[in-house]
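Enquirer: What follows is a single structure, and I will ask about it in a moment.
Numbering (my numbering), first residue to last: 523 to 787.
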């Protein structure tokens with residue numbers, strides 16, 4: 523039943539419920555926000571039972587609260603997954619170890635060793651064991667996209683280095699994944715392959731996933747490039763720090779983690 527008379531108490535309740543919806547939608551983590559929205563729906567239901575009806579705008583507000591709660595719950599369930607992209611990255615690494623590079627904690631390329639050691643684990647579909655292996659033995663997976671153009675006595679290479687980070691924050695038992703790209707160019711002698719010119723790479727964060735509402739932002743970014751010892755390759759070094767927070771209210775928990783990666787072109 524729809525009521526038509528509006529009292530000052532109705533207006534106060536509507537303002538309170540609207541404030542609850544705004545706070546839940548924009549300031550709280552998904553689980554608590556969904557619970558609060560459902561509590562708002564319960565308040566409207568209680569008022570309907572008590573007054574044998576509700577105002578049209580209360581009904582609409584109840585619908586909005588219910589839809590918001592459902593969306594928040596769906597998003598919360600989605601964020602409970604430990605990873606979004608880890609399985610896909612493993613598929614790439616084990617299917618094309620010549621194109622993807624596994625980098626250990628000391629910045630060494632251990633692709634062949636890692637792929638051989640854990641191939642049976644991958645073929646058995648044991649993703650949990652692969653996560654633990656990554657956390658214990660690797661720092662990143664990287665791959666390179668290149669565009670080469672020969673110009674008389676030189677070769678110009680425009681490159682993009684894609685880096686995938688995966689880590690777990692032990693203090694709160696949450697995982698996160700971060701992709702970023704470094705791009706730049708270099709010029710080599712067409713005969714000797716000696717690096718003649720190069721530029722400092724540019725940094726582009728591309729995608730972040732944090733389990734169960736974990737949020738992250740790269741900062742303190744340091745990039746560098748220099749020729750290898752034989753002068754025929756370019757070593758690209760990156761060092762980034764991740765500012766991590768556990769909810770939409772960063773002051774509840776903040777921590778930083780530092781990550782490094784070295785890739786040769």
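By construction, the Cβ of each residue, glycine as well, lies at the ideal position given by its N, Cα and C atoms. Everything numeric in this text was worked out from a predicted model, so none of it was measured.
Which two residues bound the contiguous alpha helix (DSSP H) that contains residue 637?
Expert: 633 to 645
Enquirer: By Cβ distance below 6 Å, which residues in the same chain neighbour residue 550 in space, the five residues on each side in sequence not counted?
Expert: With a pLDDT of only 49 at residue 550, under the threshold of 50, the placement of this residue in the model should not be trusted; the figure read from the coordinates follows. The answer is none, since no qualifying residue turns up.
Enquirer: Report all residues from its chain with a CB closer than 6 Å to the CB of residue 739; omit the five preceding and five following residues, and keep chain order.
Expert: Taken in chain order, the residues that qualify are 765.
Enquirer: What does residue 688 pair with, by DSSP beta-bridge criteria?
Expert: 699
Enquirer: If you compare alpha carbons, which of 654, 761 and 768 is closest to residue 629?
Expert: For residue 629, the nearest C-alpha among the options comes from 761.
Enquirer: Which of helix, strand or coil does DSSP assign to residue 669?
Expert: strand
Enquirer: Pull up the distance between the alpha-carbon of residue 648 and that of residue 780, whole angstroms please.
Expert: 28 Å
Enquirer: Please state the DSSP three-state secondary structure of residue 549.
Expert: Unreliable placement is indicated for residue 549, whose pLDDT of 49 sits below 50; the coordinate value is still reported in the next sentence. Assigned with DSSP and collapsed to three states, residue 549 falls in coil, not helix or strand.
Enquirer: With a CB to CB cut of under 7 Å and the five nearest residues on each side skipped, what residues in its chain are close to residue 743?
Expert: Here the set comprises 725 and 762.
Enquirer: According to the Cβ coordinates, are residue 686 and residue 667 closer than 8 Å?
Expert: Cβ atoms of residue 686 and residue 667: not closer than 8 Å.
Enquirer: Just tell me which of 710, 671 and 705 has its CA closest to the CA of residue 753.
Expert: 710
Enquirer: Taking 6 Å as the limit between beta carbons, can you name the residues of its chain near residue 654, skipping five residues before and five after?
Expert: none
Enquirer: How far does the beta strand (DSSP E) with residue 623 in it reach, from first residue to last?
Expert: 622 to 626
Enquirer: Looking at C-alpha atoms only, which residue of 768, 708, 716 and 733 is the closest neighbour of residue 747?
Expert: 708
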